[in-house]
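What follows is a single structure, written as structure tokens, with notes after it.
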Amino acid sequence: MERRVRVRFAPSPTGALHIGGVRTALYNYLFARQHGGDMLLRIEDTDSTRFVPGAEEYILEALEWLGIGIDEGLRMRNGQIESVGSHGPYRQSERREIYHQYVKQLLDSGHAYIAFDTPEELEAKRAEIPNFQYDARTRMQMRNSLTMAAEDVKALMDKGEKYVVRFKVEPDEDVHVHDLIRGEVVINSNILDDKVLYKSADDLPTYHLANIVDDHLMEISHVIRGEEWLPSAPLHVLLYRAFGWSDTMPQFAHLPLLLKPDGNGKLSKRDGDRLGFPVFPLEFHNQKDGTVSSGYRESGYLPEAVINFLALLGWHGTGDQELYTMDELIKEFSLDRVSKSGAKFDFEKGKWFNHQYLQLRSNEELAEMFLPTLKEKLQITNDQLPIDKAMIAKVIGLTKDRVNFVPELWEQTNFFFVAPTEYDEKSLKKRWKEDSPKHMNELLEVLETVSEEDWHKNEQMVNDQMVNTLWHLDKVVMPWIEAHEYGVGIVMNAFRICLVGAARGPHIWAITDVLGKEETLARVRTALKILG
RNA sequence: GGUGCUAUCGUCUAGUGGCCUAGGACAACGGCCUCUCACGCCGUAAACCCCGGUUCGAGUCCGGGUAGCACUACCA
Numbered sequence: 123m124e125r126r127v128r129v130r131f132a133p134s135p136t137g138a139l140h141i142g143g144v145r146t147a148l149y150n151y152l153f154a155r156q157h158g159g160d161m162l163l164r165i166e167d168t169d170s171t172r173f174v175p176g177a178e179e180y181i182l183e184a185l186e187w188l189g190i191g192i193d194e195g196l197r198m199r200n201g202q203i204e205s206v207g208s209h210g211p212y213r214q215s216e217r218r219e220i221y222h223q224y225v226k227q228l229l230d231s232g233h234a235y236i237a238f239d240t241p242e243e244l245e246a247k248r249a250e251i252p253n254f255q256y257d258a259r260t261r262m263q264m265r266n267s268l269t270m271a272a273e274d275v276k277a278l279m280d281k282g283e284k285y286v287v288r289f290k291v292e293p294d295e296d297v298h299v300h301d302l303i304r305g306e307v308v309i310n311s312n313i314l315d316d317k318v319l320y321k322s323a324d325d326l327p328t329y330h331l332a333n334i335v336d337d338h339l340m341e342i343s344h345v346i347r348g349e350e351w352l353p354s355a356p357l358h359v360l361l362y363r364a365f366g367w368s369d370t371m372p373q374f375a376h377l378p379l380l381l382k383p384d385g386n387g388k389l390s391k392r393d394g395d396r397l398g399f400p401v402f403p404l405e406f407h408n409q410k411d412g413t414v415s416s417g418y419r420e421s422g423y424l425p426e427a428v429i430n431f432l433a434l435l436g437w438h439g440t441g442d443q444e445l446y447t448m449d450e451l452i453k454e455f456s457l458d459r460v461s462k463s464g465a466k467f468d469f470e471k472g473k474w475f476n477h478q479y480l481q482l483r484s485n486e487e488l489a490e491m492f493l494p495t496l497k498e499k500l501q502i503t504n505d506q507l508p509i510d511k512a513m514i515a516k517v518i519g520l521t522k523d524r525v526n527f528v529p530e531l532w533e534q535t536n537f538f539f540v541a542p543t544e545y546d547e548k549s550l551k552k553r554w555k556e557d558s559p560k561h562m563n564e565l566l567e568v569l570e571t572v573s574e575e576d577w578h579k580n581e582q583m584v585n586d587q588m589v590n591t592l593w594h595l596d597k598v599v600m601p602w603i604e605a606h607e608y609g610v611g612i613v614m615n616a617f618r619i620c621l622v623g624a625a626r627g628p629h630i631w632a633i634t635d636v637l638g639k640e641e642t643l644a645r646v647r648t649a650l651k652i653l654g
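Quick note on the numbering used here: the first sequence kicks off at 123 and runs consecutively.
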């Protein structure tokens, strides 16, 4: 029997979506798309105490930004959350009635029991007995429906006493879990404890119960999740069996963890701020604790770069290819090529990916993305840009190959927008010589002779598949340098310092082309005044 | 402590018994290009955790160690 492939991403709205969670969502999405199946999104908000306002919106918005499409469940469309599909509701907090029925089923069939032990009592027990575990060995010493008379249990419940429902794990059994990435994993049921499935205090199930019930009801075929769930997978197998759903139990795939770039341990939310890079897709303002976490989007990352980077953190195709579009990933992805070991998060490589994808964007597109930074730097509050967009695009075309991120464009282009008022000391020391003022004065005279029209003139020369731009100004200036035997380097670098303020930047005639004759000459005069 | 998972260059990884004197990428370093800084191109350095076993032959299979990680909640 071939089941339709249906996978789900089921985050908890307890804060911003961690980048590891994003990768889990991505792998689920790739798997679903590849098999022509469905990608569902379900919100697992069974812990009312950890709910963070705005987290759900954040998660959905992040997936939308990254292009991880949702076929069923909750998703974001144009800033609005919508619910699609016939297996809803897709928020676990709205499924209380459904869970009641299944908790009852387990209670009736003897696979679960009611326990009245308070958190304080359990804590005391753990302090008293080392490695205490609520299981087959200890459950008969506790306050539960297994040790108490039925009427006493009923009396306590009628009184409104808080209780939990625990799963009754049978001892001495090897539980087999077949994992698509790791193969057969066997765990003895003795090390499993009688997990809490339902808590009356907030009338909600715990993760384990809600997860199994929902995956079953939503007809999930494959559960692709983080490795942190591997230890509880046997419990889940046991739950499917207790419900009588073994024949439709989904297949499991436990993904390796994303690790800290330095030292040991899994990547945590705090690593981002500590090491100076984002661990979240979007910037997040936590309304609960007031913290702000930086995001990839706000840091200038392109969604396709984040996707590509994340896809390769734990997965590798058959060849040496490293750059993949989403469509290529969908085609190439396979669970059996997912690594088994955890991957240290390498932020440097992420930069490289972004650089690659930045080069693929058009200058006009990048100009649009650069506008907010530019306005901020030029301190423009309205939309009245003194520079037209075509010119911004042109400047970006000259400089984009040297940046990894859009905001970095400012450092590469600032001199196009603002004339230098001070000059880089290092550059001066190395490139501004005794003769430089003399050279610049003469250069001024040479440049004066060039007409406004000729100033911008250039022709493209193609040879050996290389495109060279021959500038009219080159034809004017070079003979002058040669005639006086000044040395190209010394003259051009001094000239560059006048225009840029330092010995850096694109080709000199590309700069004069953008600045224009008047501005170019003015900058040389200013430099002469300041530098002598 | 217990249980489980994992183990190739600094990092991400290729490798499924002979194609491995271990390949690619990022980062590092050097060179070329060049008016500068970059980009780009070319190159250098850099790894099979240890010990046994199986085999004609092991990075690849098996066992044992070691190490790292995860889990061990009325969190997910």
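No residue lacks a Cβ here, since even glycine has one placed at the ideal position from N, Cα and C.
Computed from a prediction, not measured in an experiment: that's the story for all the values here.
To which residues of the same chain is residue i closer than 6 Å at the C-beta, ignoring the five residues directly before and after it?
{"i": "L520", "result": "P628, A632"}
Spell out the partners DSSP gives residue i in its beta bridges.
{"i": "M583", "result": "N590"}
{"i": "Q227", "result": "Bridge partners of Q227: none, in fact."}
{"i": "Q373", "result": "H344"}
{"i": "I309", "result": "V297"}
{"i": "R213", "result": "I165"}
{"i": "K466", "result": "L381"}
{"i": "V460", "result": "W437"}
Measure the alpha-carbon distance for residue i versus residue j and round it to whole angstroms.
{"i": "G441", "j": "E450", "result": "13 Å"}
{"i": "I141", "j": "N200", "result": "23 Å"}
{"i": "R130", "j": "E487", "result": "34 Å"}
{"i": "H209", "j": "D336", "result": "9 Å"}
{"i": "T370", "j": "R128", "result": "12 Å"}
{"i": "Q255", "j": "I342", "result": "32 Å"}
{"i": "K466", "j": "P383", "result": "5 Å"}
{"i": "S170", "j": "E216", "result": "12 Å"}
{"i": "L482", "j": "P327", "result": "48 Å"}
{"i": "A154", "j": "E306", "result": "23 Å"}
{"i": "K391", "j": "K410", "result": "15 Å"}
{"i": "P241", "j": "L424", "result": "47 Å"}
{"i": "P356", "j": "E498", "result": "55 Å"}
{"i": "E349", "j": "L302", "result": "12 Å"}
{"i": "T168", "j": "M340", "result": "17 Å"}
{"i": "A332", "j": "Q501", "result": "52 Å"}
{"i": "T269", "j": "D239", "result": "12 Å"}
{"i": "P133", "j": "V401", "result": "16 Å"}
For residue i, does the three-state DSSP call read helix, strand or coil?
{"i": "M264", "result": "coil"}
{"i": "N476", "result": "helix"}
{"i": "R304", "result": "coil"}
{"i": "F402", "result": "strand"}
{"i": "G417", "result": "strand"}
{"i": "G195", "result": "strand"}
{"i": "Y320", "result": "strand"}
{"i": "M161", "result": "strand"}
{"i": "N408", "result": "coil"}
{"i": "Y235", "result": "strand"}
{"i": "R155", "result": "helix"}
{"i": "P327", "result": "strand"}
{"i": "A355", "result": "helix"}
{"i": "A624", "result": "coil"}
{"i": "W554", "result": "coil"}
The alpha helix (DSSP H) that contains residue i, what's its start and end?
{"i": "I203", "result": "I203 -> not in any alpha helix (DSSP H); beta strand (DSSP E) instead, spanning 202 to 206."}
{"i": "L531", "result": "531 to 539"}
{"i": "V129", "result": "Here V129 belongs to no alpha helix (DSSP H); instead the beta strand (DSSP E) covers 128 to 131."}
{"i": "D449", "result": "448 to 454"}
{"i": "R248", "result": "241 to 250"}
{"i": "M562", "result": "558 to 570"}
{"i": "F492", "result": "485 to 500"}
{"i": "R172", "result": "First-last for R172: undefined, no H or E at that position."}
So, for residue i: in the same chain, excluding its five sequence neighbours on each side, which residues have a beta-carbon less than 8 Å away from its beta-carbon?
{"i": "H438", "result": "R459, S461"}
{"i": "K516", "result": "N485, V636"}
{"i": "E567", "result": "none"}
{"i": "L643", "result": "L566, L569, E570"}
{"i": "H222", "result": "none"}
{"i": "L196", "result": "L163, R164, I165, E178, L182, I203, E204, S205, Y212, R213"}
Which residue marks the beginning of the beta strand (DSSP E) containing residue i, and which one marks its end?
{"i": "D384", "result": "Segment: none, D384 is in no beta strand (DSSP E) and carries neither H nor E."}
{"i": "F289", "result": "286 to 289"}
Is residue i near the ligand PLP, with its Cβ less than 6 Å from a heavy atom?
{"i": "R197", "result": "Only the bare structure without any ligand can be found here, which leaves the ligand PLP out of the picture."}
Skipping 5 residues on each side, what residues in its chain have a beta carbon closer than 7 Å to that of residue i?
{"i": "L445", "result": "N430, Q478"}
{"i": "Y608", "result": "H561"}
{"i": "A147", "result": "F131, L185, I190"}
{"i": "W351", "result": "H376"}
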